[in-house]
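Residues -26 to -1, 1 to 816 in mature numbering (1 follows the signal peptide of the UniProt record, and there is no 0) are what the sequence shown spells out, letter by letter.
Glycine included, each C-beta is placed from N, C-alpha and C at the ideal position.
To keep things clear, I will list the structure first and then write my remarks on it.
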Amino acid sequence: MATGFKFPVWFAFLFLLSCFSSFCSAGDRFTLGETLRDGDNITSKGGDFVMGFFSPTGSNKRYVGIWYANLTVKTVIWVANRLLPVHDKNGTFLIDKIGNLVVKNGNGDLLWSSNVTVETRNSTACLIDDGNLVIRNNDRDAARLNSALWESFLYPTDTFLPGMKVFMERQGKERKVFSSWTNESDPSPGRYSMGVDPRGAPQIVIWDGPNRRWRSGHFDGVEFNGVPNVTRPTFFSGFKINNGDDNKLFFTYSASITSSLVRFQLTVTGNELQQRWDEGKGQWNALQSRPAGGCDLYNICGNFAKCDKEGCLCLEGFVPRFQEQWHAGNRTGGCVRGTELECRSNSSVLRNDSAKNDGFRALQRVKLPDYADIADVNIDECKIRCLDDCSCNAYAFVRGINCMIWRDDLVDIEHFEEGGNTLLVRLHPSEFGKKNRTIKIVVISILVALALVMVAVWLVCKYRARKRESKRTNESPKNHLVRSGEFSTEFSGPGNLNAEGHQGNGSELTFFSFSIVAAATDNFSLANKLGQGGFGPVYKGRLPCGQEVAVKRLSQKSGQGDEEFKNEITLIAKLQHRNLVRLLGCCVEGEEKMLIYEYMPNKSLDTFLFDPVRESQLDWRKRFNIIEGIARGLLYLHRDSRLRIIHRDLKASNILLDEEMTPKISDFGMARIFGGNQNEANTNRVVGTYGYMAPEYAMEGLFSGKSDVYSFGILLLEIICGRRNTSFRTDEHSGIIGYAWEKWDEGRPMDLVDRSIWDCCQHDEALRCIHLALLCVQDLAVHRPNMSSVVLMLETDNVRLPLPRQPTYTSMRRSVDEEDIWHGNQDLPSSNNVSISVLIGR
């Protein structure tokens, strides 16, 4: 009976030992009793790393370290006896009697010890293929637990590698993990250190002695917000926060290309250097180096100031603390409030009530200040919480982090040309609407000097306006309103647009006089200006009947002109669909050409989608409904309308949203009409927006319905990601297509989903939309679905989608032998038994 009990125990023990041997073989480990001398090395099982004695460049001192095995440039990643080198080649390293890894000189003096906390007399040191040196206990019970007594990865020197864990202290305590070499010949700890500050949201920090030198900005679960968008896809891409067995949080890093050697090093000059090994050139290539100097250096402009390419500026509502030093170029003193908050004033009696009157000024595209506190509340409650706290200086709401509040001085703010976040800075009510006194005096002086001239000009203009109005009244018996067929033969009746298709008869359209439109828009005041497009400015107006309208006024400097104006009148007047903007009328008078549309209170899709504050209002259900609406609108243009129309300028700013967030396609100035049997055409004038243009159109001038499908695919990816196409342009990606394909090919397409909608996202719908987008942006038009197939894919769950082809990002002429895989009835094969079959790359 005893024998029957012992056999499985010993069998299990032998099995665990065999598992341990899979990590360590004879050449990559040494055990108690083995002594390795200078010249003896151990090599990891895969042959990637070597451990032994070495001398740094320019030094004869000997150190025990770990370095890459097969590189032409010797690159050390870890050093044991940094403080006490061996001065000759008589040094040894071994495991002592209590299980510690130690380094000794020729006299037997102890120079370094691993200081294992658990004593054992049966331990083994093993060099793993990722560069980690691990000490394990070979005792039976310990082997069953398979636990490490000590790891070099937990005691790094100046190098961070994929697979390392950088643990964070609880309760906001900083932890300095890495330290630079003193110089290239001396690996002893230098003046610079690097680690993690977990306060609020974690961020990576470099210290120069006790002082901060640089910080990465806060980590939102995907990226660090202190690194501009243009560098994020390469710099620090792949970092994640995990929770260990002991409930300790730690950072890890995974390289996007696992076959490449990547390392992060804290250099002797205090820079965090990311490098990748170039096998062809036999050298390390620097991907990024931080700080990059200038604004990248910590708080270079002082408190309550921001740094940008122009230099240091006090935040609005703040003034230099020391005026003379500031103007002399010494900005370290920073800035202070121009007017102190009422709740902080000694004379304030009702402090809480007065604090409610404070306002917030938005500071956009910035690296958020240091020393933030986090609150798990929504954006509205975040603002209230800041107002209720008299010590609160600013707040921000960042996806992946939520509410961030700053109670200390605002330090280390950098303004970016692209990327960053929006900071809401709290100011005294008097700061809003306050004008610069000097500017007021100058403006008043100019106005007084030109008063007589302005009055004279006004009288002349008024006289001419009355004369024109009198003439128009005599010519128009209906006084202000006539039909489009009556005002000009140039814009009415049948016509031909660049011989690209017959228009057919015009639809009845209301013509407005210039005076009516001017009155409706308060003489085109800036207060009524809604935006500016390629056509010209757009104004909000109210007709005499009370109806709100949007007035698009053709700019004389616009690259578009009479042709585009005629296009838009002709096309929109004939189109009636709930997902197309409705044209109410037009105005043609002298040099003025204007279009009057129904008013869209929610403006365009890009005002929500790319705004870090408003994007949360577009949850997944609203985004999916918008996607479906755009697709149905395009299907109507391509197939169901009386005229077959190619839009040619589909993008987020041309999708308007009504009060119910229903999408409506607008801006038909670039559109073209096709004849009944016409499928494609060629043009010598390529118009539209780069980034949304199909390759065959941008390169060859060839356009068809598949050109709009390509633009729809780009727009679909933007809606899913919540980011502009241009924000993905880096050395590694040509745009959003390259980034999306990389995630698809890695089997992680859901990484594309905007983090602000992750919790509410229907993953099967999002995955189908990502798959569909990649089909729509295929390089060749014949490989893209048409809009009828797109609508079917969106609205039917049991449609099998074909695999997309990897994009090449180049335009190629079509071969006459290529067959359109979407030709024929252009329906997709479906299965009644399968809900959806979406195949992921790799």
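Cα-Cα separation between D270 and F486, rounded to whole angstroms: 55 Å
Where G478 sits in the DSSP three-state scheme: With a pLDDT of only 37 at G478, under the threshold of 50, the placement of this residue in the model should not be trusted, and no figure is reported.
Rounded separation between R606 and P781 - CA only: 26 Å
Of the listed residues A755, D363, H612 and L746, nearest to E769 (C-alpha basis): L746
Simplified DSSP state of N699, which is helix, strand or coil: helix
Proximity to D171 [Cα-Cα], best of R149, Y227 and G721: R149
Rounded C-alpha distance that separates F238 from R264: 11 Å
Start-to-end residues for the beta strand (DSSP E) that takes in K48: Here K48 belongs to no beta strand (DSSP E), and DSSP marks it neither H nor E.
Proximity to S88 [Cα-Cα], best of G80, N81 and S97: S97
3-residue-minimum beta strand (DSSP E) runs that sit fully inside the stretch 516 to 602, ordered along the chain: 522 to 527, 557 to 563 and 566 to 572
For N79, the three-state DSSP class (helix, strand or coil): coil
L289 vs A336 beta-carbon contact at 7 Å: no
As assigned by DSSP and simplified to three states, the class of residue 820: Past the boundaries of the shown model lies residue 820; the chain is included only from -26 to 816, so the question cannot be answered.
Sequence-distant residues of its chain with Cβ nearer than 7 Å to R295 (five each side left out): G307, G308, C309 and V310
Cut-off 8 Å between Cβ atoms - residues of its own chain near G32, not counting five sequence neighbours on either side: E158 and S159
Proximity of N106 and S126 at Cβ, strictly below 7 Å: yes
Distance, K35 Cα to P59 Cα: 6 Å
Chain B within 7 Å of L754, Cβ atoms only: In the displayed structure, chain B is absent; only one protein chain is listed.
Coil, strand or helix - W86 by DSSP: strand
CA nearest to the CA of Q249, picked from E388, I51 and E391: I51
Residue range of the unbroken alpha helix (DSSP H) whose run includes Y671: P669 to E674
Option nearest F224 by Cα separation, candidates L247, V140 and R305: V140
Closest residue to S730 among L583, F642 and L235 (Cα-Cα distance): L583
G478 versus K548 - alpha carbon distance: At G478 the pLDDT is 37, less than 50, meaning the model places this residue with poor confidence; the figure from the coordinates comes in the next sentence. In a straight line, the C-alpha of G478 is about 9 Å away from that of K548.
Rounded straight-line distance, which links the Cα of G191 to that of V340: 10 Å
Within 7 Å, strictly: CB atoms of N112 and L123: no
Beta carbon of I570 nearer than 7 Å to that of L558: yes
Nearest candidate by alpha-carbon position, reference Y345, set T156, I353, G721 and N273: N273
Cβ-based neighbour list, D363, same chain, cut-off 8 Å, excluding 5 preceding and 5 following: I379 and R381
Straight-line Cα distance separating L235 from residue 824: Nothing in the structure corresponds to residue 824, since the chain is present only between -26 and 816.
Proximity of N367 and R400 at Cβ, strictly below 7 Å: yes
DSSP-derived helix/strand/coil call for M142: coil
Alpha-carbon spacing of E355 relative to V47, whole angstroms: 55 Å
Rounded straight-line distance, which links the Cα of T313 to that of S404: 8 Å
Rounded Cβ spacing between residue 820 and N395 (contact assumed at less than 8 Å): Residue 820 is absent from the model: the chain starts at -26 and stops at 816.
Pair within 7 Å by beta-carbon distance, R187 and G244: yes
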